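Asks: Protein chains in written order, with the numbering used here: chain A, 15 to 322; chain B, 15 to 322. For glycine and all other residues, C-beta sits at the position ideal for the given N, C-alpha and C. Please read all numbers here as calculations on a predicted model, not as lab measurements.
2 protein chains.
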Amino acid sequence: MADDVVVALDVGGTGIKCALVDSAGRVRHGERHPTAPQRGPDAVVTTILDLSADLADTAGRTGLRPRAVGVVVPGIVDEASGVAVWSANVGFRDVPLRELVGKRLGVPAALGHDVRAGGLAEARLGAGRGYRHVLVVPIGTGIAAAHVVDGQVFTGAHGAAGELGHIVVRPGGPPCGCGLRGCLEAVASAAAVARRYAERAEDAAGADRVAALAASGDPVAAAVWHEAIDALADGLLTGLALFDPEALVVGGGLAEAGDALLDPLGRALRARLTFHREPALFRAALGDGAGVLGAALIAQDALNRECA
Amino acid sequence: MADDVVVALDVGGTGIKCALVDSAGRVRHGERHPTAPQRGPDAVVTTILDLSADLADTAGRTGLRPRAVGVVVPGIVDEASGVAVWSANVGFRDVPLRELVGKRLGVPAALGHDVRAGGLAEARLGAGRGYRHVLVVPIGTGIAAAHVVDGQVFTGAHGAAGELGHIVVRPGGPPCGCGLRGCLEAVASAAAVARRYAERAEDAAGADRVAALAASGDPVAAAVWHEAIDALADGLLTGLALFDPEALVVGGGLAEAGDALLDPLGRALRARLTFHREPALFRAALGDGAGVLGAALIAQDALNRECA
C-alpha cells in the first residue's frame, strides 16, 4: 500500500536516525536525535521506545499507516532472538529490544545489527541492486562486511559474522583494538589511516585529507594511503576467496575519497586475482542513511513473514 | 519409503565412488570404478551415464526404487545450472552433466561440487550433525571449506566460494599452485607438509608419518608439523571471523593424524581467539565416503523440490 510505512531507527553511539519508510523504500519522513549514552542503557532504551511511538504518531497524523518497526544497533546482536547482546558504545547488555519495541507499538518488530542492516540496504536498494551475491564493506572507524545473498544477510551462529576488519593481513603488524596484531582494521580503516599519518607526519589529518595529500605528492601521506590500499586489497582478496561475490561495495568514511580510493583499490585487487572471479566494484550509494534504510527493510521483512 | 533410494556418484581424478542410498542416509549398495581420465572427457561422461544406469538397474533388481540421481565432481561447478564448468583432473569444460544424467535415468537429477557436497554430508550426517552453522575444512592435497547453514551449503556467485586454502597467511611465503605466495594450502595441506619435510630432511614421508616423527621428537618433522598447525590456526581464525560457525569440522588426509592434529590445533586456535566465539572442533566422521553421501543428499534435495 502506498500509505503503509514502517518505523525505522538506526541507533548509534552519538545519534539515533529515525525514518518512516514506505514499501517502495522511499523515506517519507526523517528525524535525528542524540543518543546520549552517558545516561545509561535504560535511558537509551526509553528514548528508543519513545521515539518509536512518536514516529508512529507522526505517521498517523500525516495519513500514513505504521505497519511494523525495525531497530538496528551496533555491537553483538542476536537477530534470531531479537536481543541486543552487547554494545560498548551504547552500553547494552542482553536487552530484548525487539520484544520491547514491538509491544510498545503493537506491530511486528525486528532487531538488527547496524552494519549488516546497512549492507542489506546497499545490496537491495543501493550500489548492489540487481546483484544476487553482494559483499558490502564499510570502512570507517572500523572495518566490517555484510555478505548478502538473494537479499538475505548472514549473521553467523552468534551474530558475529563478517568481521573482515579482524582478519590478519600483516602478521606481527600494528596492534589492533581486538587484541591481535596486523588486523586489516589496524592498517586500513579511516581511523588507522589518520593515526598512521599523524604518527609519521607529526601532523593531524583525517583519512580524506591524507588521500588528498597523497594525490598532491606528499610522500608520507602517499606511503600511508598506499599501505592502506594494499592491505585492503589483501583483505578483500580473502573475502573473494571465501564468499565469491558478484559485486563488492565499499563504503564508510574511507570511501568518501571516491575515485582516489576506488581506482587504485580496483587495480591492486585485479593485480592479485588468480583463480578468483573478478567482482564488480562499487562505491556505496546510500551514505550514512544505509543503516536506517536497513532497519526499514528488516521491519518490512518481519511484516511480510507475519502476513505470509 | 524404506525401499526408495537415490543413485549417487562421486567422480574423482582417479576413481568414481558409486552408491545407492536410502532416505535415512544408509548406503544400501556401493561400488568403485576407475575414472581413467586419459580417455578424454567424453569417455568419462559416457562412463558416468553408464554407471548411473547400471546402478539404477541394480536397484531395480534388488527391490529398491531409484528415485533421483546425484553426481559430484571436482573443479568449478555451477550447481544452479547443473554444469561442470571446469575440472583440470577430469578434463570437463562446460559439461551439462545434470541434464545428461537426468535424461538417461528419467528421474530428478542434481550436480554438485565434491568438496561442498562432502561438507554438506559431514554437516548433516557426520561430525556436524545437530549444529546449524558448520564450517567443514578438508585438508588433503589442497585445502577447501564448505560453509553449511541450516543444511544448505554456500556456492558463491560463480561456484567458487570456500577457497580457504588460498587465503594468504604467510605474505611473501612459499609459492602456491594458484600463483599467489603464502597461501594456507602452500604451508599446511597434507601435500605441503610432505613436500616441506622432504625439502628439509632430504627424505620422503607422507603427512601422517611427519606427524608421527614430530611426536617422537624428530626436530625437522616437529618444525614442519608445527608450522602447518600455526598456519592452519591462522587460516581457521579468519574463517571464524568471517563465518562465525558453531562447529568446525576438520577432515581430509591431514586429519588422519587424529589427536596429533586436533589437540595442538585446538590449542593454537584458542590462543588466538579475541572477540571470536569458540566453535566446537571435530574431526570429520565420514572419511572418504563423504562425497558420495553428499551426492545422495543433493539428489534427495532435488527429489524433495520436485515433489514439493
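Name the residue from A:86, A:318 and A:178 whose alpha carbon lies nearest to the alpha carbon of residue 257 (chain A).
Replies: A:178
Asks: Which bits of chain A does residue 240 (chain B) rub up against, with CB to CB less than 8 Å?
Replies: Going along chain A, no residue has its Cβ under 8 Å from residue 240 (chain B), so there is no contact; the nearest lies around 16 Å.
Asks: So if DSSP puts residue 34 (chain A) in a beta bridge, which residue, or which two residues, is it bridged to?
Replies: Answer by DSSP bridge pairing, in chain order: A:21 and A:43.
Asks: Closer than 9 Å between beta carbons: that is the criterion. Which residues of the segment 256–272 of chain B meet it against chain A?
Replies: 256, 257, 258, 259, 260 and 261
Asks: So which of A:87, A:219, A:315 and A:164 has the shortest CA-CA distance to residue 306 (chain A)?
Replies: A:87
Asks: Pull up the CB-CB distance for residue 204 (chain A) and residue 165 (chain A), whole angstroms please, since I reckon it's below 8 Å.
Replies: With 8 Å as the limit, residue 204 (chain A) and residue 165 (chain A) do not qualify as a contact, their Cβ atoms being about 28 Å apart.
Asks: With DSSP as the reference, label residue 127 (chain B) as helix, strand or coil.
Replies: strand
Asks: Report the option in A:76, A:91, A:39 and A:26 whose CA atom is closest to the CA atom of residue 61 (chain A).
Replies: In this structure, A:26 is the residue among A:76, A:91, A:39 and A:26 with its C-alpha nearest to the C-alpha of residue 61 (chain A).
Asks: Taking 8 Å as the threshold (C-beta atoms), are residue 115 (chain A) and residue 133 (chain A) in contact?
Replies: no
Asks: Under 8 Å, with one C-beta from each stretch per pair, do the segment 211–230 of chain B and the segment 133–142 of chain A reach the 3-pair mark?
Replies: no
Asks: Could you please give the first and the last residue of the uninterrupted beta strand (DSSP E) stretch that includes residue 164 (chain B)?
Replies: Boundaries cannot be given for residue 164 (chain B), as no beta strand (DSSP E) includes it and DSSP labels it neither H nor E.
Asks: What residue does the beta strand (DSSP E) around residue 81 (chain A) start on, and which one ends it?
Replies: Where residue 81 (chain A) is concerned, the enclosing beta strand (DSSP E) stretches over 79–87.
Asks: Are residue 279 (chain B) and residue 245 (chain B) closer than 8 Å when you measure CB to CB?
Replies: no
Asks: For the candidate residues B:24, B:314 and B:222, whose alpha-carbon lies nearest to that of residue 59 (chain B)?
Replies: B:24
Asks: Listed in chain order, which residues of the segment 156–182 of chain B have Cβ atoms closer than 9 Å to some Cβ of chain A?
Replies: 159, 161, 163, 168, 169, 170, 171, 172, 173, 174, 175, 176, 177, 178, 179, 180, 181 and 182
Asks: To be precise: take each residue of the segment 130–146 of chain A, compare its Cβ to all Cβ atoms of chain B, and keep it if any distance is under 7 Å. Which residues remain?
Replies: 146
Asks: Using DSSP bridges, identify the partner residues of residue 296 (chain B).
Replies: B:263
Asks: According to DSSP, is residue 147 (chain B) part of a helix, a strand, or is it coil?
Replies: strand
Asks: Look up residue 29 (chain A) in the DSSP assignment and say whether it is helix, strand or coil.
Replies: strand
Asks: Run down chain B in chain order and give the residues with a C-beta less than 7 Å from the C-beta of residue 193 (chain A).
Replies: 288
Asks: Is it the case that the Cβ atoms of residue 70 (chain B) and residue 299 (chain B) are separated by a distance below 8 Å?
Replies: no
Asks: Mind checking which residues open and close the beta strand (DSSP E) that includes residue 7 (chain B)?
Replies: One cannot answer for residue 7 (chain B) here, as it falls past the ends of chain B, which runs 15 to 322.
Asks: In whole angstroms, what separates the C-alpha of residue 168 (chain B) from that of residue 175 (chain B)?
Replies: Spanning the two alpha carbons is a distance of roughly 7 Å.
Asks: Helix, strand or coil, according to DSSP, for residue 66 (chain A) in the structure here?
Replies: helix
Asks: Look up residue 153 (chain B) in the DSSP assignment and give the residues it is bridged to.
Replies: B:157
Asks: Which residues in the same chain as residue 112 (chain A) place their Cβ atom closer than 7 Å to its Cβ, once the five residues preceding and following it in sequence are excluded?
Replies: 96, 123, 124 and 125
Asks: How would you call residue 161 (chain B), buried or exposed, if buried means at least 16 neighbouring beta carbons within 10 angstroms?
Replies: buried
Asks: What does residue 248 (chain A) reach in chain B if we use C-beta pairs closer than 7 Å?
Replies: 182
Asks: Tell me the DSSP bridge mates of residue 101 (chain B)?
Replies: In DSSP, residue 101 (chain B) forms a bridge with B:106.
Asks: What residues of chain A sit near residue 281 (chain B), judged by a beta carbon separation below 7 Å?
Replies: At a beta-carbon threshold of 7 Å, none of the residues of chain A lie near residue 281 (chain B); the nearest stands roughly 17 Å away.
Asks: Using DSSP bridges, identify the partner residues of residue 197 (chain B).
Replies: B:182
Asks: For residue 81 (chain A) versus residue 41 (chain A), is the C-beta distance shorter than 8 Å?
Replies: no
Asks: Tell me which residues of the segment 23–52 of chain A have at least one Cβ-Cβ distance to chain B shorter than 9 Å, keeping chain order.
Replies: none
Asks: Taking buried to mean at least 16 other C-beta atoms within 10 Å of its own C-beta, is residue 321 (chain B) buried or exposed?
Replies: exposed
Asks: Could you tell me which residues DSSP puts in a beta bridge with residue 91 (chain A)?
Replies: For residue 91 (chain A), which the question treats as bridged, DSSP gives the partners A:98.
Asks: Inspect the beta-carbon positions of residue 51 (chain A) and residue 84 (chain A) and report whether they are closer than 8 Å.
Replies: Residue 84 (chain A) sits away from residue 51 (chain A), with the two beta carbons spaced by 8 Å or more.
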